[in-house]
Amino acid sequence: MKKEYTFKVYGNQLRFDYCPICKREGKNPDFSFNKEIKQFYCHREGRYGDLLELKKHDRDFYNFLKVVLSGNEKGKVERSNKIKDEAVNLNEVFLSRGNCLLNQEWRDYLKSRGIGEEHLDRLCRLGKNNNMMIPITDGKNIIAIKYRDLAKKYLYSERGSKGDYFINWQHINNRDYIIIVEGEIDLLSALESGFENVVSLPMGASDINAVKNQKNWLLEFKKIIIAVDKDEAGKKAYRKILKELNWKNEEIYYVDMGEYKDFNEVLMGEGIGKIREIVANCQKVERFEIVEEVEEDRFFQGENGYYIKDRGEEKQITDFILEIKEISNKFIKGITYNMGRAKEFRASKSELLFLNGIVENVGYYYGSKNSIPSFWSWILQQNRDKFVIDIDHYGIIDEIYYDSSSKAICEKNELYIQSLDSIPKVTRGDKKILKELLPYLRKDSNQSLLGICWALGRLHNLTSYPILELEGSTSVGKTIFGEFICRILLGSRDNIKSLSTVTIHQIRVLSSCSNITPWVLDEIKLTTKSIKDKTDELLSTIRSVYDNKTVNQGNLTTKLLEYKLCTPLIISGETKINDVSIRNRILSVELNQENKGDDKIFEKFKNTQLLEKLGKQAILNRLADGKIVVKKQKLQEIFPDIRDDRQLHNIKCVYTGLLTLKKIVNLNRKIVDKFLLFLNELGKDERTTVKNFLLLLELVAESDKDPRRFYQEKDGRHYLWFNILYKDIADEHAKTNSSLELLDMSTLKKQLKEANFILDERVSVRFPENEFSKKTRPVTAVEIQPIDIFKNSFDN
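Just so you know, we're using my numbering here: the sequence shown kicks off at 253 and counts up by one.
If you want it as structure tokens, here you go:
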């Protein structure tokens, strides 16, 4: 006889009264199956798996579920159409991480706090951003998901979370005793000590809604032991719990933790035995302890502002009312209403602790300075369900794309970034236009594709990335080409900054805003000393950007700040950057009058969202399919002439972008083959200290300097009087305003020796005493590899 099981439909969820994992039936435990991702979850035991795993536990249930999924089941089905989106979303959020157990890093951290692995898998999962993920259930649905950060140890919850149920309550069977602790670490510490009947307040000491909501459940226990933290917040929670359970005081107990604040401190300080001793010696709460009043909220909202109750009077303390949209660990974001006018704001919590910060962001505060922290604590408590995560920058983080529409607060907001939601999807007609026109943003398809593929490759290479240089004289379309490249990755003209107006501080801040959307440093033209000095500072920053380093930025009035430099850079201007260490980190697009794009193509991309659509589709593909990984062996087969690893990395980034583009646009095969040959040639050009030095020697060879003063060839060996040569190089470098890199003399000599260009740095050679004398004297010279730069000078 075929078995039937009663279930309800909640969106993509099937909720069964019977659990095939723990073989029980009823409202608690509870079993769910997600039709979309084909995964199950047992709420009581925290077990998770797919259909094959389910088949191992209960073949009859498995067969019934297969029929239900096929749409042929006509048995006992109760369908619920009025399901809150929040609950469905939280179920799906948790089920999507159901097989992600805590990693070794977390297990080692918890071990350092005295907590083993026995209870972790049924209580916790590994959330996004390497957080501990703690689900809270009402017996049917996940009603809250808490996250605990490993590094900073702060807590936040998923949007829509509610603290109406204890953590771990669904795992408790007998009613002999119940221990109430304040947080999940103390809960794990008690479990580690052998106490199975332990629950935790879900949202910390300030929220006892679970006590109110589950009072009848609590009253089923013979003994209620309150073991919240031994601090002010814990004492306040203790009094609130007592007040809520006042009429059953004869069965309420408290613990004395002595010098320790909570169970975990006890565990780390004196071990499991001490926790057992503390619980064994718990004391019954006497009636007089319960009558103490719990302080009620002093603040409330009026029609035109917030008010405070002070000694029986009600006083207005603000001229604004807030609509909180999001709260993170560091920021508050929302709308402030003041005299009928609405204004969006985003402010750091530290700013809002001062009167000036409140005035600048939301409006006037009339209350005392001492009441400001309490006021914001009250606001945060009223909006505790609005908590979202902090992110350092926009872009792809932990395989998720964050933009201005994401449920997160970004610490950086100076770089304008379009959201994916604001851009339509690419259509079949769009793909046809892109195939025909995209390679010809410039008439030279190689130069066009170099910029386009540089942009798209960034989606798959989020670490060190080559700088894109737009090289060319005036009026060849460098700025508009830079804008087009920015728009592919959801930027705009706002991403283009002039070197003459931007500060190094701004460069660092802008470079930390997004690991996807690029920004353009425009108008690099070394015409004045101040611009040259600023460029030298820029080069140092570019090195950090390329290497994904964290740099410090501070001044006299603010504390030292750290910036993670991550944004891909485009540098554009008439002066070419020739710093040796930077040159190997640059890919140059050569722009000139001959390869300017057709006006019709220019207008098409200028006045449509084709480039944005291309970028959006590339990002969606990246998120759906994961990174495109190209192995080094494959690269070397495609680009056989590239020997330098740095150049191979640069070309790999562009080649990855080409593969990204080909997933969207069916490019002409001849254009692709031509582009691959072009990349092979481009990657052969390695800039070294020796090449740069030879270019510096050409400056001297083209001047009126007599090379006999510092250079001679004898018996096939070549010698330089390095001190005199360096002086002439420095003179010509300054006179010609050259952008070639000129290191200090000792460093330059050292690098040339390491490159085996200087064969011997101490050779006695006779050189003329001065430029006017034929007399010679022995000097300490260097022997170098043979060169022919000064050959013509001697022939003449």
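Virtual Cβ for every residue (Gly too), placed ideally from N, Cα, C.
Since the structure is predicted, the reported quantities are computational estimates derived from the model, not experimental observations.
Cβ pair residue i, residue j closer than 9 Å
i: Y417; j: A462; result: yes
i: L817; j: S763; result: yes
i: V1034; j: D1012; result: yes
i: S725; j: E651; result: no
i: Q699; j: V917; result: no
i: G218; j: K464; result: As displayed, the chain neither begins before 253 nor continues past 1048, which places residue 218 out of reach and without an answer.
i: L372; j: L362; result: yes
i: R427; j: K474; result: yes
i: H645; j: K664; result: yes
i: H985; j: L949; result: no
i: I838; j: E721; result: yes
i: P770; j: R710; result: yes
i: G586; j: Q568; result: no
i: F583; j: K595; result: no
Residue interval of the beta strand (DSSP E) (run including residue i)
i: V1015; result: I1010 to P1020
i: I504; result: I504 to Y506
i: L720; result: I719 to E723
i: S824; result: L821 to G825
i: L354; result: Element bounds for L354: n/a, residue is neither H nor E.
i: Y490; result: Here Y490 belongs to no beta strand (DSSP E); instead the alpha helix (DSSP H) covers E484 to E496.
i: P387; result: M384 to T389
i: P1030; result: T1028 to I1036
i: A660; result: A660 to C662
i: K966; result: Y963 to K966
i: C818; result: No beta strand (DSSP E) holds C818; DSSP gives it neither H nor E.
DSSP state of residue i mapped onto helix, strand, coil
i: E596; result: strand
i: H891; result: Here residue 891 turns out to be Phe, not His, going by the sequence shown. DSSP places F891 in coil when its eight states are reduced to three.
i: M591; result: coil
i: D774; result: strand
i: N944; result: helix
i: Y692; result: helix
i: K904; result: helix
i: M520; result: helix
i: I981; result: helix
i: R400; result: strand
i: D682; result: helix
i: T753; result: coil
i: L808; result: Residue confidence is low: L808 scores 38 on pLDDT, short of 50, so the model does not pin down where it sits. Its coordinate-derived value is still stated next. Reduced to three states, the DSSP call for L808 is coil.
i: N613; result: helix
i: D562; result: strand
i: T769; result: coil
i: N847; result: coil
i: P676; result: coil
i: K865; result: helix
i: L375; result: helix
Buried or exposed (CB count within 10 angstroms, at least 16 for buried), residue i
i: T908; result: buried
i: H757; result: exposed
i: P272; result: buried
i: A479; result: buried
i: N420; result: buried
i: P820; result: buried
i: Q633; result: exposed
i: I1038; result: In the sequence under discussion, the amino acid at residue 1038 is Pro, which differs from the Ile named in the question. Per the 10 Å Cβ criterion, exposed.
i: V640; result: buried
i: N847; result: buried
i: I493; result: buried
i: K638; result: buried
i: P387; result: buried
i: P676; result: exposed
Start-to-end residues for the alpha helix (DSSP H) that takes in residue i
i: C705; result: S697 to G709
i: F572; result: No alpha helix (DSSP H) holds F572; DSSP gives it neither H nor E.
i: Q758; result: I756 to L762
i: D312; result: R311 to S322
i: N468; result: K467 to L470
i: N932; result: R921 to K936
i: R267; result: Element bounds for R267: not the alpha helix (DSSP H) but the beta strand (DSSP E), Q265 to F268.
Expected contact under 8 Å - CB spacing of residue i and residue j to nearest Å
i: G703; j: I737; result: 5 Å
i: G935; j: L900; result: 7 Å
i: I397; j: M385; result: 6 Å
i: I367; j: E444; result: 5 Å
Proximity test, Cβ basis, 9 Å: residue i and chain C
i: L948; result: Absent here is chain C; the protein component of the structure consists of one chain.
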